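Q: For what it's worth, this note's numbering labels the leading residue of the sequence shown as 10, then goes sequentially. Note that the Cβ used here is the ideal one computed from N, Cα and C, for glycine as well. These numbers were taken from a predicted model, which means no experiment stands behind them. Before I ask anything, here is the structure I am working with.
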Amino acid sequence: MEKKPSPIKKLGKLIVMTSTTLLDTFFSDDADKKNQTEKMRETRRLLQEAATAKYLVVLQVKAEKLGEFETVTGWIVGKTVAKEQVVLKLQNNRQQLRIIPLSQILKVSTLNTKPSAKKVITPKEPVDE
């Protein structure tokens, strides 16, 4: 003779599993949002520095159509970066502008394309042996 589980026990297990799943989702979602906000803040800071210094910016951007990511290269238009997006003047076509949401940026790299001040190196006097 098989024992049938009590409907009350089934209901109890369901309630416990639901409440644990709900709590787990609640806490992890909050942490994910906090991490993403911090990442966007850091990305915005890097882009703001690049805009101020007029550096060439190389961005790795999420691209839904192309697969995993796309690389975009250009200069930031203006001296400030908006809260939600950045506007780039593309390197390969300076007439074209591209608006990229900060949430889609995976990685930021900057390059100083201006020639740096040349240092004059004076040769040391040869040492007689």
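1. Of all the options Ser15, Phe78, Val117 and Thr122, which has the alpha carbon lying nearest to the alpha carbon of valine 67?
2. So, do the region 51-61 and the region 98-110 have three or more beta carbon pairs nearer to each other than 8 angstroms?
3. Can you list, in chain order, the stretches of the alpha helix (DSSP H) that have 4 or more residues and sit fully within the region 36-77?
4. Exposed or buried, what is valine 129 when buried is set at 16 or more other beta-carbons lying within 10 Å of its beta-carbon?
5. Just reading off the beta strand (DSSP E) that threonine 119 is part of, what are its end residues?
6. Compute the Euclidean distance between the alpha carbons of asparagine 101 and asparagine 44, then round it to the nearest angstrom.
A: Here's the rundown:
1. Translated into positions along the sequence shown, residue 67 becomes position 58. Cα-wise, what sits closest to valine 67 is Val117.
2. no
3. none
4. Mapped onto the sequence shown, residue 129 falls at position 120. With a pLDDT of 45 at valine 129, under the threshold of 50, the modelled position of this residue cannot be trusted; read the value that follows with caution. Valine 129 is classed as exposed because its beta carbon has fewer than 16 other beta carbons within 10 Å across all chains shown.
5. Your numbering for residue 119 matches position 110 in the sequence shown. Where threonine 119 is concerned, the enclosing beta strand (DSSP E) stretches over 114-120.
6. Walking along the sequence shown from the start, residue 101 turns up at place 92. Walking along the sequence shown from the start, residue 44 turns up at place 35. Each residue's Cα considered, the two are about 33 angstroms apart.
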